[in-house]
Every structure is written in structure tokens, then in C-alpha cells.
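Notes follow once the structure below has been shown.
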Amino acid sequence: MLDFLIAQTLNGLVYSMLLFLLALGLSLTFGMLRVINLAHGAFYLMGAYFGLTAWNLTHSFWAAIIVATAGAAIVGMLLERSWLQRFYVRNELDQVILTFGFALVFADIMKMLWGKDIHSIPVPPLLSGAVQIAGTYFPAYRLILVGVGVALFVATWLAIERTRTGALIRASVADRVMVSGLGFNIRLLFTYVFGFGTAIAGLAGVLGAPITGIYPGLDFEVLITTLIVVVVGGLGNISGAFWAALLIGLAETYGKALYPAAASFIIFGLMAAVLLIRAWGRDEEDVE
Amino acid sequence: MTVADVIVQRRSKPFVALRLWSVLGLMIAAFAAAPFLGMPQFVQALVIEILVFSLLALSLNVLLGYTGLVSFGHAAFFGIAGYAVGIIAIHISTDILVTFPLAVLVAALCAVPIGWLSIRLSGFYFLMITFAFAQMVFVAAFRWKPVTGGSDGLIVPGATLFGAPILGSRESFYFFVLAVFTVCAALLYAVVTSRFGRTLVGIRESTPRMRALGYNVRRYKLAAFVVGATFGGVAGVLNSLFNLFIAPESAHWTQSALVLVMVLIGGAGYFVGPIIGATIVLLLQHWLSSYTEYWGLVLGILFIVLITGAREGIAGLVMQGWSHLRGKGP
Numbered sequence: 031m032l033d034f035l036i037a038q039t040l041n042g043l044v045y046s047m048l049l050f051l052l053a054l055g056l057s058l059t060f061g062m063l064r065v066i067n068l069a070h071g072a073f074y075l076m077g078a079y080f081g082l083t084a085w086n087l088t089h090s091f092w093a094a095i096i097v098a099t100a101g102a103a104i105v106g107m108l109l110e111r112s113w114l115q116r117f118y119v120r121n122e123l124d125q126v127i128l129t130f131g132f133a134l135v136f137a138d139i140m141k142m143l144w145g146k147d148i149h150s151i152p153v154p155p156l157l158s159g160a161v162q163i164a165g166t167y168f169p170a171y172r173l174i175l176v177g178v179g180v181a182l183f184v185a186t187w188l189a190i191e192r193t194r195t196g197a198l199i200r201a202s203v204a205d206r207v208m209v210s211g212l213g214f215n216i217r218l219l220f221t222y223v224f225g226f227g228t229a230i231a232g233l234a235g236v237l238g239a240p241i242t243g244i245y246p247g248l249d250f251e252v253l254i255t256t257l258i259v260v261v262v263g264g265l266g267n268i269s270g271a272f273w274a275a276l277l278i279g280l281a282e283t284y285g286k287a288l289y290p291a292a293a294s295f296i297i298f299g300l301m302a303a304v305l306l307i308r309a310w311g312r313d314e315e316d317v318e
Numbered sequence: 072m073t074v075a076d077v078i079v080q081r082r083s084k085p086f087v088a089l090r091l092w093s094v095l096g097l098m099i100a101a102f103a104a105a106p107f108l109g110m111p112q113f114v115q116a117l118v119i120e121i122l123v124f125s126l127l128a129l130s131l132n133v134l135l136g137y138t139g140l141v142s143f144g145h146a147a148f149f150g151i152a153g154y155a156v157g158i159i160a161i162h163i164s165t166d167i168l169v170t171f172p173l174a175v176l177v178a179a180l181c182a183v184p185i186g187w188l189s190i191r192l193s194g195f196y197f198l199m200i201t202f203a204f205a206q207m208v209f210v211a212a213f214r215w216k217p218v219t220g221g222s223d224g225l226i227v228p229g230a231t232l233f234g235a236p237i238l239g240s241r242e243s244f245y246f247f248v249l250a251v252f253t254v255c256a257a258l259l260y261a262v263v264t265s266r267f268g269r270t271l272v273g274i275r276e277s278t279p280r281m282r283a284l285g286y287n288v289r290r291y292k293l294a295a296f297v298v299g300a301t302f303g304g305v306a307g308v309l310n311s312l313f314n315l316f317i318a319p320e321s322a323h324w325t326q327s328a329l330v331l332v333m334v335l336i337g338g339a340g341y342f343v344g345p346i347i348g349a350t351i352v353l354l355l356q357h358w359l360s361s362y363t364e365y366w367g368l369v370l371g372i373l374f375i376v377l378i379t380g381a382r383e384g385i386a387g388l389v390m391q392g393w394s395h396l397r398g399k400g401p
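As C-alpha cells, this is what we get:
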């Protein structure tokens with residue numbers, strides 16, 4: 031029983047970290063650009079496919095990571111520059127529809143390029159072993175993933191709270207008109223932040239590939255769970271996203287292991303409950 | 072020119088409304104006559120499907136177009152009523168006078184608590200909570216195997232009337248759907264042009280102002296939610312009785328998204344918008360699926376082009392062109 035609990039907890043933590051990497055980009059993009067990017071899941075799958083192609087060519091996991099991250103960043107920045115930028119003045123619904131349109135387009139283009147089969151990237155030999163901690167063996171790769179997630183959380187948090195660029199980002203979240211009035215090139219900053227978000231999603235895709243596999247439809251699966259994480263954590267709130275990713279990731283993993291019929295019921299119920307608790311007692315629903 | 076202007080303008084110009092209704096009336100008469108003039112069976116099936124989804128899209132438009140509530144879970148009520156028909160027909164009675172009203176009532180009753188909770192949120196959060204509730208309905212349909220048949224779906228027994236089987240032939244069902252659609256569309260038109268409907272438009276345009284005028288905004292939103300769900304339920308009943316089968320997918324979020332697409336492509340806030348949207352989307356789907364499997368790509372491009380170029384959908388484009396032709400364009 032204890033072994034089962036430990037194994038499920040590790041699985042849950044790994045899943046949580048992948049969710050956090052996705053939620054980080056989505057939440058940051060929303061906080062700053064005020065855009066809910068429904069194409070975010072597509073960047074996860076895109077990263078995984080880019081990584082797959084790089085791995086097939088070079089058989090190097092590190093090349094796969096670099097290609098996936100850079101590829102997702104470039105596509106993301108192109109999308110932001112070419113299309114999204116002129117939608118910043120539009121309302122929420124327009125942006126949701128636009129990015130959903132791109133999600134559909136990306137999904138089919140990936141299906142054309144990489145087919146419908148289920149692929150996977152093997153764990154690099156260096157990390158394929160198991161580590162013994164307190165008498166129990168843990169797969170090294172999964173432990174590393176948890177470490178990467180926590181490290182990225184801390185690094186992003188420090189970057190936003192402690193650096194000059196971070197201060198600029200925080201200022202833009204608060205009042206972007208004022209920041210651009212002070213002479214900062216906020217358009218470029220937006221492009222970089224968006225690109226950072228999609229890059230992290232692509233990174234999550236390639237890192238998650240040995241665990242989740244790579245197949246069409248995965249983009250919408252991860253998008254839905256990420257949206258739940260971001261909503262539970264509070265849109266634009268990065269530490270909120272971290273703790274929400276832990277909550278949702280663990281809840282779904284335990285739920286699937288203990289009571290499979292209700293696993294997705296639990297996370298949708300959690301989201302509905304959090305939304306309602308936040309809205310309760312308010313007279314007006316216009317306030318977010 | 073905003074949507075509200077068009078609605079106001081239409082009210083002050085009875086000729087436009089008259090012309091709209093004579094056109095719709097002629098179309099319905101033509102559809103009613105078509106089977107006698109040799110409309111093939113597969114076209115009848117397509118028209119049935121278009122009418123069912125037009126009704127579903129019309130019902131969503133009460134929320135989306137008139138009240139400004141973007142529901143991403145409208146298929147829940149389509150699915151609930153669809154399952155209710157099957158379950159009632161299996162366990163209680165297959166008589167259409169029992170199944171039809173009871174299933175619609177079930178959808179409406181489910182909409183009361185779901186709506187009561189959901190309307191406490193607005194904007195993107197409203198979208199997410201309706202989505203969450205709809206996915207719960209989907210999961211229930213998928214997992215509650217003894218009642219819903221799970222992923223296999225549920226075979227719906229054919230409808231009867233006082234013990235005799237009815238609507239067995241394609242043709243009889245065609246007339247039945249046409250009649251139900253006409254009645255429901257007329258009812259919905261009466262709803263959105265009534266005092267109640269104009270209050271909903273007021274809430275969409277400025278909620279704080281309506282609140283300041285003393286309207287109980289939440290009660291109106293809840294009423295709009297229940298009205299939308301009820302007519303969505305009617306569409307669900309028609310769908311189940313036509314296919315004699317219902318599967319969890321009918322409550323899935325992709326179904327909700329498809330209806331949302333229909334309303335937006337046709338033009339949210341215009342009464343005929345959802346009908347135009349449902350027709351275009353279904354015709355495209357049928358036509359393209361014989362050429363390509365990349366239906367999502369086409370839909371996505373349609374989305375991007377429309378939202379970039381024509382925010383008020385095809386009905387909006389037509390109205391703009393119309394007022395442009397008459398020399399009083401915006």
C-alpha cells in the first residue's frame with residue numbers, strides 16, 4: 031500500500047510539473063497580454079513533434095530538447111507578430127475564437143506532417159536508470175522532471191520578482207499604456223513573453239513525450255487540463271499556477287488510480303467549486 | 072453600426088421584419104412542398120439535420136447573441152434531453168406525448184441549478200464553468216453504464232402515439248421536424264422581440280445600467296439560460312428520435328464548440344444568424360468530408376478569417392451590405 035502511494039505520488043508530481051510548465055506560459059501570457067491562448071496545447075504537441083523529428087535525425091535527446099524549445103518559441107513569436115498583436119484591442123471572446131481557430135489549424139497541420147500514429151521519444155540512456163531512496167527505487171527520469179519543474183518555477187519567480195526585465199513585465203501587467211508611455215518597447219516585450227510561454231510549452235512537450243507519448247488529440251487534452259489549472263490558480267498568477275498544478279495533478283492521478291470512473295469528474299468539480307467560492311457573496315458578476 | 076442598432080432599426084422599420092418573415096415563410100412552404108416534388112431521401116436527412124442544429128444554435132443565440140453570455144456547455148442540454156428520451160422510452164413509455172415533453176422538462180430542470188450557479192460568473196469564467204458542467208454531463212453519460220449504456224451509447228426505441236408506431240418513415244419525420252422547428256423558431260422570435268428579450272439586449276449592452284434601472288439582472292440571466300436550455304433540449308429530443316441512438320459525444324465539448332461556431336459564423340445577435348451558420352457548417356462538413364479528412368483545418372481557417380474580417384458573422388455582412396446599398400451605410 032505504501033509502495034503504491036509513493037509510486038502514485040511520484041507520478042502525480044511528474045504530471046503536476048508538466049501541467050505547471052504549460053500553465054506558466056498560459057498564465058504569463060494572460061497576465062501580461064490579456065490574451066487567453068487556446069492554441070497553447072498545440073505548442074505542447076508541436077514541441078513533442080519537433081523533438082521527435084530531431085531525435086529521429088540525431089538520436090540525441092539534448093538536440094530534441096533544443097529543437098523543440100526553439101521551434102515552439104519561433105512559431106509562437108510569429109503567431110504573435112503576424113496575427114495576435116492586432117487583437118489586443120479586441121474583446122476576450124474574439125481572442126478566444128481566434129486562438130481556437132489557430133488551435134484547429136495547427137492540429138490538422140501536425141496531423142498532415144506527422145501522421146496519426148502514436149509516437150514516443152525514449153528516455154536518454156544517462157537518465158534511464160533508477161535511483162534508490164530510502165529503500166525504494168525511483169525512475170531517475172521522473173525525478174529529474176520534478177526537479178526541472180521546481181527549478182523553472184523558482185527561476186521564473188526570481189526573474190519576475192528580482193530582475194529589471196521582471197519589473198518591466200510586472201509594470202506592464204499593472205498598466206501597459208503607462209509603460210509604453212515611459213518609452214519602453216512594449217510590443218517587443220509582448221512578443222518575447224509570448225514566445226517564452228510557447229517555448230516552455232514546447233519544452234514540456236518534449237520532456238513529457240517519454241511519459242505521455244505523442245499523438246493527435248493530445249494538444250486538446252493538455253489544453254483542457256491546463257485551462258483548469260490556470261483558472262484554479264488564478265489567471266496571471268504564477269505561484270497560484272504552481273500550487274494549482276500540484277493540486278490538479280495529484281488529484282487526477284490519485285483519482286485515476288483509486289476511482290477511475292470519477293477522475294475527470296473530480297477536476298472539473300474542483301474547478302467549478304473554486305470558481306463559485308471566489309464569486310460567492312458578490313453582488314455583481316462583472317468583477318473578475 | 073452595432074447589433075443593437077440593427078435590432079432597434081428593425082423594430083422601427085416593420086417592412087424589413089415583414090420581408091424577413093415572408094422570405095422565411097416562403098422557405099418553410101418550399102421545404103414542406105419539396106418531398107412531393109421528389110426531394111431525395113438523403114437530402115431530406117440532411118435537411119432534418121440542418122433543422123435540428125439550427126434549432127440548437129437558435130437556442131444558444133438567446134444566451135450568446137442577446138444576453139451576451141458565452142456558454143461553452145450548451146451541448147449538455149442537447150445531450151441531457153437526448154438521453155432522457157431514450158431512458159424514458161425504455162423504462163416508462165415510448166408514447167411521444169410522454170417522452171417529448173418529459174425530456175424537455177428534464178433539460179429545463181437541469182438548467183435551473185446549473186444556470187443559477189453559472190450566472191454568478193461572467194466573461195471567460197462563465198465560459199469555463201459552463202464548460203465544466205457540460206463535461207460533467209459528458210462524464211456521467213460515459214461512465215454511468217447501467218443507465219446510459221456508457222461509451223456504447225443508448226439505442227432509443229422508436230416513438231409511438233397511443234400504442235401505434237409513428238414517425239417511422241423518413242418522410243413523416245421530415246414533416247415532424249419541419250413543424251417543430253417552425254413552431255420553436257416562432258416562439259424564440261417572440262421571446263427575443265418581447266419586452267423580456269429587449270431587457271436581455273440591455274443586459275448585454277450595459278449590465279450596470281440595467282442594474283441601476285432596477286432590473287434584477289441575475290433573474291433575467293437565469294431565465295435566458297433556462298429558455299436556451301429548454302429549446303436546446305427540444306433539439307436534443309429531435310436528434311435522438313431521428314437517429315434512434317444517442318452517444319456521450321452529443322454532450323462533449325466539441326459539440327458545444329460546433330454550435331458556438333455555427334452561431335458565430337452566422338452572426339450572433341441576429342435572429343436568422345444561427346440558421347445561416349448551421350446550414351453553412353453542416354453543408355461544408357458533408358461536402359468536404361468526402362474530399363478531405365482535414366475538416367478542422369477548414370473550420371479553423373473559417374474562424375480566423377471571420378473573426379479577423381467580419382466580427383458579426385455572415386448575417387452582419389449581409390446587413391452591412393444591405394444598408395450600404397441603400398445609401399445609408401455606417
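Residue numbers (our numbering), protein chains in the order written: chain G, 31 to 318; chain Z, 72 to 401.
Yeah, the Cβ is synthetic: ideal placement off N, Cα and C, and Gly gets one too.
6 angstroms CB neighbourhood of residue i in its chain, flanking five on each side removed
| i | result |
| --- | --- |
| Q242(Z) | According to the sequence as given, residue 242(Z) is Glu; it is not Gln. Correct list, in chain order: P106. |
| G99(Z) | Residue identity check: residue 99(Z) is Ile in the sequence provided, not Gly. These residues qualify, in order along the chain: T253. |
| N337(G) | Any answer about residue 337(G) is impossible in this case: the structure gives chain G only from 31 up to 318. |
| G136(Z) | A339 and G340 |
| T39(G) | none |
Range of the contiguous beta strand (DSSP E) that encloses residue i
| i | result |
| --- | --- |
| Q162(G) | A160 to I163 |
| Y167(G) | T166 to P169 |
Nearest residue (CA-CA) to residue i, options the options
| i | options | result |
| --- | --- | --- |
| V330(Z) | L127(Z), R90(Z) and Q112(Z) | L127(Z) |
| Y45(G) | A271(G), G279(G) and G285(G) | G279(G) |
| A292(G) | V305(Z), S193(Z), P111(Z) and V208(Z) | V208(Z) |
| I121(Z) | L192(Z), M333(Z), M281(Z) and L135(Z) | M333(Z) |
| T201(Z) | I185(Z), L312(Z), G229(Z) and V114(Z) | I185(Z) |
| L232(Z) | V114(Z), I151(Z), G144(Z) and V169(Z) | V169(Z) |
| V352(Z) | A295(Z), A328(Z), I190(Z) and A147(Z) | A328(Z) |
| G338(Z) | R382(Z), S265(Z), H395(Z) and L258(Z) | R382(Z) |
| I296(G) | I258(G), I104(G) and R308(G) | I258(G) |
| T264(Z) | G307(Z), F342(Z) and S321(Z) | F342(Z) |
| A229(G) | Y245(G), L306(G) and Y74(G) | Y74(G) |
| P319(Z) | A257(Z), I346(Z) and A212(Z) | A212(Z) |
| T99(G) | L276(G), M140(G), M142(G) and L51(G) | L51(G) |
Range covered by the alpha helix (DSSP H) that runs through residue i
| i | result |
| --- | --- |
| R116(G) | That residue, R116(G), is in no alpha helix (DSSP H); it is neither H nor E in DSSP. |
| N86(G) | H70 to T88 |
| I190(Z) | Premise fails: I190(Z) is in no alpha helix (DSSP H) and is neither H nor E. |
| M142(G) | E122 to W144 |
| P240(G) | I216 to T242 |
| Y284(G) | I268 to L288 |
| M281(Z) | T278 to A283 |
| L293(Z) | V288 to N314 |
| T379(Z) | W366 to G380 |
| S130(Z) | Q112 to N132 |
| M390(Z) | G384 to L396 |
| L52(G) | L32 to L63 |
| W358(Z) | G344 to S360 |
Nonlocal neighbours in the same chain, by C-beta distance under 7 angstroms from residue i, ignoring five residues either side
| i | result |
| --- | --- |
| C255(Z) | L126, F302 and V305 |
| S269(G) | W187 |
| V177(Z) | I151, A152 and A155 |
Cβ neighbours of residue i in the same chain (closer than 8 angstroms, five flanking residues each side left out)
| i | result |
| --- | --- |
| F117(G) | V65, D124, Q125 and L128 |
| V260(G) | A53, L56, S57, F60, A271 and A274 |
| V223(G) | L58, T59, M62, L63 and I199 |
| L315(Z) | I226, V227, P228 and G229 |
beta-carbon residue i near the ligand MG non-hydrogen atom, thresh 7 angstroms
| i | result |
| --- | --- |
| L305(G) | Because no ligand of any kind appears in the structure shown, any question about the ligand MG cannot be addressed here. |
**Q.** Near-chain B residues of the stretch 280-301 of chain G - C-beta to any C-beta below 8 angstroms
**A.** The question asks about chain B, but that chain is absent: this structure's protein chains are G and Z.
Q: Give a yes or no on contact between the stretch 230-240 of chain G and the stretch 150-162 of chain G, applying the rule of three or more CB pairs nearer than 8 angstroms.
A: Three or more pairs of CB atoms, one per stretch, sit closer than 8 angstroms, so the stretch 230-240 of chain G contacts the stretch 150-162 of chain G.
Q.
Between the stretch 164-184 of chain G and the stretch 251-267 of chain G, can you find at least three pairs of beta-carbon atoms closer than 8 angstroms?
A. Segments in contact, no.
(Q) Closer than 8 angstroms is the cut-off here; do at least three beta carbon pairs connect the stretch 148-164 of chain Z with the stretch 217-237 of chain Z? (A) Yes, the stretch 148-164 of chain Z is in contact with the stretch 217-237 of chain Z.
Q. Using a Cβ cut-off of 9 angstroms, which residues of the stretch 235-268 of chain G contact any Cβ in chain Z, in chain order?
A. For the stretch 235-268 of chain G, which is checked against every Cβ of chain Z, the residues closer than 9 angstroms are F250, I254, L257, I258, V261 and L265.
Q) Which residues, in order along the stretch 53-73 of chain G, keep a beta-carbon less than 7 angstroms from a beta-carbon of chain Z? A) Those residues of the stretch 53-73 of chain G that come within reach of chain Z (Cβ to Cβ, closer than 7 angstroms) are I66.
Q | Inter-stretch contact (C-beta, 8 angstroms, three-pair minimum) for the stretch 128-147 of chain G and the stretch 63-79 of chain G | A | Counting C-beta pairs closer than 8 angstroms gives three or more between the stretch 128-147 of chain G and the stretch 63-79 of chain G, which meets the contact rule.
**Q.** Meets three-Cβ-pair contact criterion under 8 angstroms: the stretch 209-224 of chain G and the stretch 78-89 of chain G
**A.** Contact between the stretch 209-224 of chain G and the stretch 78-89 of chain G is absent, because fewer than three Cβ pairs lie under 8 angstroms.
Q: Compile a chain-ordered list of the residues in the stretch 142-153 of chain G whose CB is closer than 8 angstroms to at least one CB of chain Z.
A: Going along the stretch 142-153 of chain G in chain order, one finds M142 with a Cβ nearer than 8 angstroms to chain Z.
Q.
Below 8 angstroms, how does it come out for the stretch 279-287 of chain Z and the stretch 108-119 of chain Z: are there three or more Cβ pairs, yes or no?
A. The stretch 279-287 of chain Z is not in contact with the stretch 108-119 of chain Z.
Q.
Three or more C-beta pairs under 8 angstroms: does that hold for the stretch 144-156 of chain Z against the stretch 175-185 of chain Z?
A. Three or more pairs of CB atoms, one per stretch, sit closer than 8 angstroms, so the stretch 144-156 of chain Z contacts the stretch 175-185 of chain Z.
**Q.** Proximal residues, the stretch 266-295 of chain Z versus chain G, C-beta separation under 8 angstroms
**A.** Those would be T278, P279, R282 and R289, in chain order.
Q.
Along the stretch 160-193 of chain Z, where does the CB come closer than 8 angstroms to a CB of chain G? Name the residues.
A. Only L188, I190, R191, L192 and S193 from the stretch 160-193 of chain Z bring a Cβ to less than 8 angstroms from some Cβ of chain G.
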